[in-house]
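J.: Going line by line, the protein sequences match chains E and P.
For the first sequence, our numbering gives the first residue as 96, with consecutive numbering after it.
For the second sequence, our numbering gives the first residue as -12, with consecutive numbering after it.
We put the CB at the ideal spot given by N, CA and C, even for glycine.
These numbers come from a predicted model, not from an experiment.
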Amino acid sequence: MENNIIIDLKNISVSFDGEPILKDLNLYIRDKEFITFLGPSGCGKTTTLRVIAGFIEPDSGDVIFDNKRINDVPPHKRQVNTIFQRYALFPHLNVFENIAFGLRLKKAPKQEIEETVTAMLKLVNLKGFEKRNIQSLSGGQQQRVAIARALANKPRVLLLDEPLGALDLKLRKDMQNELKNIQQQMGITFIYVTHDQEEALSMSDTVVVMNNGVIQQIGTPIKIYNEPKNAFVADFIGESNIIDGIMREDFQVDFSGHRFECLDKGFAPNEKVDVVVRPEDVDVVDVDKGMVKGEVTSVTFKGVHFETIVDIGGFKWMIQSTDYHEVGKKIGLFIEPDAIHIMKKSEYSGLYGDYSSFSEEFDELSDASVDNGEEE
Amino acid sequence: MNKKKSFLSNLLAAPHILWSIIFIVVPLFVVVYYAFTNAEGDFTLENIFELKAYIPTFLLSLWYGLLSTLICFIIAYPFAYILSQFSANSQRVMMMLIMLPMWMNLLIRTYSWMLILERNGILNKVLDIFGLASENGFLNSGGAVVLGMVYNYLPYMILPIYTIMSKLDPSVVAAAQDLGGNRFDVLRRVVFPLSLPGVVSGITMVFVPSVSTFYISQKLGGGSFMLIGDAIESQFQSANNFNLGASLSLVLMVLILISMAVMNKFTDSDDTGGAIV
Ligand SMILES: Nc1ncnc2c1ncn2[C@@H]1O[C@H](COP(=O)(O)OP(=O)(O)OP(=O)(O)O)[C@@H](O)[C@H]1O
Ligand SMILES: [Mg+2]
Chain E
96 MENNIIIDLK NISVSFDGEP ILKDLNLYIR DKEFITFLGP SGCGKTTTLR VIAGFIEPDS
156 GDVIFDNKRI NDVPPHKRQV NTIFQRYALF PHLNVFENIA FGLRLKKAPK QEIEETVTAM
216 LKLVNLKGFE KRNIQSLSGG QQQRVAIARA LANKPRVLLL DEPLGALDLK LRKDMQNELK
276 NIQQQMGITF IYVTHDQEEA LSMSDTVVVM NNGVIQQIGT PIKIYNEPKN AFVADFIGES
336 NIIDGIMRED FQVDFSGHRF ECLDKGFAPN EKVDVVVRPE DVDVVDVDKG MVKGEVTSVT
396 FKGVHFETIV DIGGFKWMIQ STDYHEVGKK IGLFIEPDAI HIMKKSEYSG LYGDYSSFSE
456 EFDELSDASV DNGEEE
Chain P
-12 MNKKKSFLSN LLAAPHILWS IIFIVVPLFV VVYYAFTNAE GDFTLENIFE LKAYIPTFLL
48 SLWYGLLSTL ICFIIAYPFA YILSQFSANS QRVMMMLIML PMWMNLLIRT YSWMLILERN
108 GILNKVLDIF GLASENGFLN SGGAVVLGMV YNYLPYMILP IYTIMSKLDP SVVAAAQDLG
168 GNRFDVLRRV VFPLSLPGVV SGITMVFVPS VSTFYISQKL GGGSFMLIGD AIESQFQSAN
228 NFNLGASLSL VLMVLILISM AVMNKFTDSD DTGGAIV
């Protein structure tokens, strides 16, 4: 197991102008895995990549590559290559020369260069683009050149900084599949950065959720979704109702004025906890059959389902169901034990998971204001 | 729609076109007219034939122009490169310092150099302390003329190169490092090619005034050096031979145009743009 680890970040701290950006980060990355850093803008994802690539030397902590400390190895001597957030192609070189750049620096023989470039262009579906000018390419094509350029160097680890951020939805989905295929074909480690949770969940072997320079949770996509560690993770990954509760004893939790059975244990008796219920895990039943009851306050049609906001004792729940319930209707909710996930209280308790002021625009606005605060 | 727009832009361009006609096209015709006529106003090629005598002067001017351009480039390029990596604040301060002498009149700047370089000048006095003083001072030498050109025109080399360097996308430079380039590789394969437009305009902006200068060579060369600018000036000012002066100017202009065309060949191939001229 231990040998399997290609990169190990130990107690990494980075600050800019006295402002801490990464705070005591610990993370190991297994060889050949697809690992994704996920977090809101400004949380330190790019900074972490730059530490791995060698562009930033951490204030403290060790960067271990293949069991060797590489803190002071410059970027050009590291066996990692980066796909930058804004492709960073060389505008004065054509597609061929962009891809051949690393090989020329290594003084590879002419034939090897030609073979590799041709193979890479084939890999990223750009056959026949050798002579094209970089400026004449579309965003998606530039992206592919950037991928080919990095892979031509045969890195052990590829760092991808929001590589699909600038592409439209359809192209993004296609590229997600292609990237995943490329990763499996080449058998190398991908460290992927995104703030799109769906992308993270669908592509990765391991997801690292970050906020404010601190890792919130590391785990497989399923584990992160089903067993978020705190209110931040629960809210950032998918939709969540996060309600204050009290753990009465193992498998028994009180919230919303009702005692529920659950599958969690190991809490102190009467410990205050955060309870997560995913909107799609709630069953709507008649008022008199519900474990809890409430009144519908808004309904939005989302295509696959209706998003219904229900007021239950002053706390607004989000429920996703294929049935339509009109505003003002009284309904009952039924929640199975496996739909309930209990989290310990954290600094994020009470900040997320209430849909009382819910609207998507508002969500984005508040995100942006948090960002601005950090940048200053 | 399109037509209307082009009419509007023509209208807006009118003052500029008028200005160009009065101050560029008309004088050009006057120069050409004088170059191909004699004192009586008859057509002649004599002025052009007479230029044979000035070939050494042309060559000397070209040589000094090239030399000072080269020296300016050697100083300015590393300077601009290093400056562009400084913090934004120090960059601003340094640029101010570079621009400062440009706000002073050329005559004053050149006179100051005379005071420094002459036999009893500051330089000789300082050197005297070490017993290294030069008997005749440093004025009236080719070196003094080139020094004057470099000093006066160096900012014109630094500015365009620095402007391009400071606009270089740092992630492109990082990409070159990431792909295995050490400092020198990055400079040679990425930074330099991308800064070429700045280099070309810098070279043009230094070479053109250096080749055609007359004041610097008169004051710092002490009249012992006749550059093409001096020759032209004397035809108009003392010899009163407008026709020869005009033909000299015409040939100088053609020479400059040719060198600019050659320079622009370098940047035509890629349209990264950004040249200042
Ligand atoms: N060179 C720098 N100097 C000062 N502050 C910096 C520097 N680079 C990054 N920061 C700050 O560090 C924080 C983290 O930046 P980083 O680029 O790692 O965020 P990110 O998670 O990649 O965000 P995004 O999703 O927007 O790319 C931000 O607040 C940013 O302003
Ligand atoms: Mg980033």
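#1: Are the beta-carbon atoms of E:Val391 and E:Lys425 separated by less than 9 Å?
#2: Of all Cβ atoms in chain P, is any one closer than 9 Å to the Cβ of E:Arg251?
#3: Comparing alpha-carbon positions, which option in P:Gly167, P:Ile190, P:Leu181, P:Ser199 lies nearest E:Arg199?
#4: Just the chain E side, please: which residues come within less than 7 Å of P:Gly189 by C-beta, in chain order?
#5: Closer than 6 Å by C-beta to E:Glu471: which residues in its own chain qualify, once you throw out the five before and the five after it? Chain order, please.
#6: Provide the residue span of the beta strand (DSSP E) that contains E:Glu390, from first to last.
#7: With 8 Å as the limit, tell me which residues of the stretch 162 to 174 of chain P have their beta carbon closer than that to any beta carbon of chain E; keep them in chain order.
#8: Looking at ligand 1, does it come within less than 8 Å of E:Val288, judged from the CB to the closest heavy atom?
#9: Going by DSSP, what residue range makes up the beta strand (DSSP E) through E:Gly314?
#10: Work out the CA separation of P:Pro147 and P:Ser188 for me, nearest whole Å.
#11: Regarding E:Glu257 and ligand 2, is the C-beta to nearest heavy atom distance less than 8 Å?
#12: Within 10 angstroms of its Cβ, does P:Phe171 collect 16 or more other Cβ (buried), or is it exposed?
#13: Buried or exposed: E:Ile310, going by 16 or more other Cβ atoms within 10 Å of its Cβ?
#14: Tell me which residues share the same chain as P:Gly135 and place their Cβ nearer than 7 Å to its Cβ, disregarding the 5 neighbours each side in the sequence.
#15: Checking the sheet assignment: what are the DSSP bridge partners for E:His353?
#16: Quick one: which chain P residues come within Cβ less than 7 Å of E:Asn176?
#17: Taking C-beta pairs closer than 7 Å, name the residues in chain E that P:Val159 reaches, listed in chain order.
#18: List the residues of chain P whose Cβ lies closer than 9 Å to the Cβ of E:Phe150, in chain order.
#19: Are the C-beta atoms of P:Val186 and some chain E residue less than 9 Å apart?
#20: Which residue's Cα is closest to the Cα of E:Phe362: E:Met438, E:Leu255, E:Lys226, E:Lys205?
#21: Using 9 Å as the limit for Cβ to Cβ distance, is P:Asp156 near chain E?
#22: Within 10 angstroms of its Cβ, does P:Val113 collect 16 or more other Cβ (buried), or is it exposed?
#23: Just to confirm my understanding: we take E:Arg227, look at its own chain, exclude 5 residues before and 5 after, and list those with CB closer than 7 Å. What are they?
#24: Applying a beta-carbon distance threshold of less than 9 Å, which residues of chain P neighbour E:Lys140?
#25: Is E:Gln180 near ligand 2, in the sense that its beta carbon is under 8 Å from a heavy atom of that ligand?
#26: Go through its chain and collect everything with a Cβ distance to P:Ala248's Cβ below 6 Å, but skip five positions before and after it.
#27: Roughly how many whole angstroms lie between the Cα atoms of P:Asp258 and E:Leu216?
#28: Here's the rule: buried if 16 or more other CB atoms are within 10 angstroms of the residue's CB, otherwise exposed. What is E:Tyr419?
#29: Taking C-beta to C-beta, are E:Leu428 and E:Val377 nearer than 9 Å?
T.: Considering the structure as presented:
#1: yes
#2: no
#3: P:Gly167
#4: Result: empty, since nearest Cβ-Cβ is about 18 Å, beyond 7 Å.
#5: Any reading at E:Glu471 must be qualified, since the residue scores a pLDDT of 35, below 50, and its modelled position is unreliable; no value is offered.
#6: 387 to 396
#7: Ala162, Ala163, Gln164, Asp165, Leu166, Gly167, Gly168, Asn169, Asp172
#8: yes
#9: 309 to 314
#10: 7 Å
#11: yes
#12: exposed
#13: buried
#14: Thr97, Trp100, Ile203, Leu207
#15: E:Phe350
#16: Asp165, Leu166
#17: Ala183, Phe185
#18: Ala161, Gln164, Asp165
#19: no
#20: E:Met438
#21: yes
#22: exposed
#23: Asn189, Val190
#24: Those within 9 Å of E:Lys140 in chain P number zero; the least Cβ separation is about 15 Å.
#25: yes
#26: none
#27: For P:Asp258, the pLDDT reaches just 44, beneath the cut-off of 50, and the residue's location in the model is therefore unreliable, although a value from the coordinates is still provided. Roughly 24 Å separates the two Cα atoms.
#28: exposed
#29: yes
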